[in-house]
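Chemist:
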Amino acid sequence: MANGGTLSLRTTGKAVAFRAPRGTELARTNDRIVAPRTRREVEAIAEQVRLDLDLGLTGRVAMLPILEHALYDVIDGYDFQVEEDTVMGRLEGLTDTQRPIIKLRNSVYLALERGDGRSRFTAAHEFGHLMLHCGLPTYRAFSDEYQPLHDPERQANIFAAAFLMPRQAFLACRTVKEAMAKFGVSQDAVSCRARILRHRLEPTRPILTVVKKKGASLRRPPS
Ligand SMILES: [Zn+2]
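Residue numbering for the sequence shown follows my numbering, starting at 1230 and increasing by one per position.
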């Protein structure tokens, strides 16, 4: 980014604000760290990005059209690439922090085409890196004390959860199953979001609960 401080959505000119951190604030050994952001700040950015992309704050968002089309129109120099699994090693996705480029491994891309919840989260996580960290300085930490507000992975996960499951719409859900269907996410993602928002969801129950009496068989005995 030219000014090294923001990544703007071109349509609205709205920038994801970034204040350069003071070097002394940074900490974490052998890891990349970024400017601190609270959960509340990251959630607000994720919701604003949804609004900027005209996605509203209620339903399921389609990640592939965002990565494959929409971002080309709103972010200068953006590119989306699919790499062979062997090239990606163990990485499911990767965001180039110097240029606005998102890469997904082929198997994640194919799963995304099928609407797989876990892959949708991976895509939203990489999109989070793009919006929060691309073109911005990262630092090597010099302390082994973990400071969560500086952790880019934590920030990208918060972004992904809030982007896929906006707070108010999530709080309107009654059951795990409802939230999974509404937002197209995995059960794990729903459970995690519910825990963080302290929202009680009824667990997914089987439709029939069969109480088997001792010795009774539901199968027809062989004649
Ligand atoms: Zn990441």
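Backbone N, C-alpha and C define an ideal beta-carbon position, used for all residues, glycine too. These numbers come from a predicted model, not from an experiment.
(1) Which full runs of the beta strand (DSSP E) of 3+ residues lie inside the stretch 1260-1346, going along the chain?
(2) Which one of Phe1388, Arg1349, Arg1347 and Asp1308 has the shortest CA to CA distance from His1362?
(3) By DSSP's criteria, Tyr1375 is part of a beta bridge. Which residues make up the other side?
(4) Below 6 Å, is the gap between the Cβ of Ala1385 and the nearest heavy atom of ligand 1?
(5) Have a look at the DSSP bridge pairing and note the partners of Arg1403.
(6) Check whether the Cβ of Glu1382 lies closer than 6 Å to any heavy atom of ligand 1, and answer yes or no.
(7) Could you tell me the distance, in whole angstroms, from the CA atom of Gly1364 to the CA atom of Ala1398?
(8) Just to confirm my understanding: we take Leu1378, look at its own chain, exclude 5 residues before and 5 after, and list those with CB closer than 7 Å. What are they?
(9) In whole angstroms, what is the alpha-carbon distance linking Pro1432 and Phe1371?
(10) Just grab the DSSP bridge partners of Glu1382 for me.
(11) Kindly identify the DSSP beta-bridge partner or partners of Glu1431.
(12) Express the C-alpha separation of Tyr1307 and Thr1326 in angstroms, rounding to a whole number.
(13) By the three-class DSSP mapping on this structure, what secondary structure does Thr1351 have?
(14) Beta-carbon separation of Arg1334 and Glu1321 under 7 Å?
(15) Alpha carbons only, please: which of Ala1390, Asp1380, Glu1297 and Leu1430 is nearest the one belonging to Phe1412?
(16) Any idea what DSSP makes of Leu1437, helix, strand or coil?
(17) Determine the direct distance from the alpha carbon of Leu1400 to that of Gln1416, and round the result to whole angstroms.
Modeler: The structure says:
(1) 1308-1312, 1322-1325 and 1330-1334
(2) Phe1388
(3) Per DSSP, none; premise fails for Tyr1375.
(4) yes
(5) Answer is none; Arg1403 lacks a bridge partner.
(6) Glu1382: yes, Cβ under 6 Å from ligand 1.
(7) Cα to Cα, the separation comes out at about 32 Å.
(8) Around Leu1378: Pro1265, Arg1266 and Thr1267.
(9) 43 Å
(10) Paired residue(s): none; Glu1382 is not in a bridge.
(11) Thr1404
(12) 12 Å
(13) helix
(14) yes
(15) Ala1390
(16) coil
(17) 16 Å
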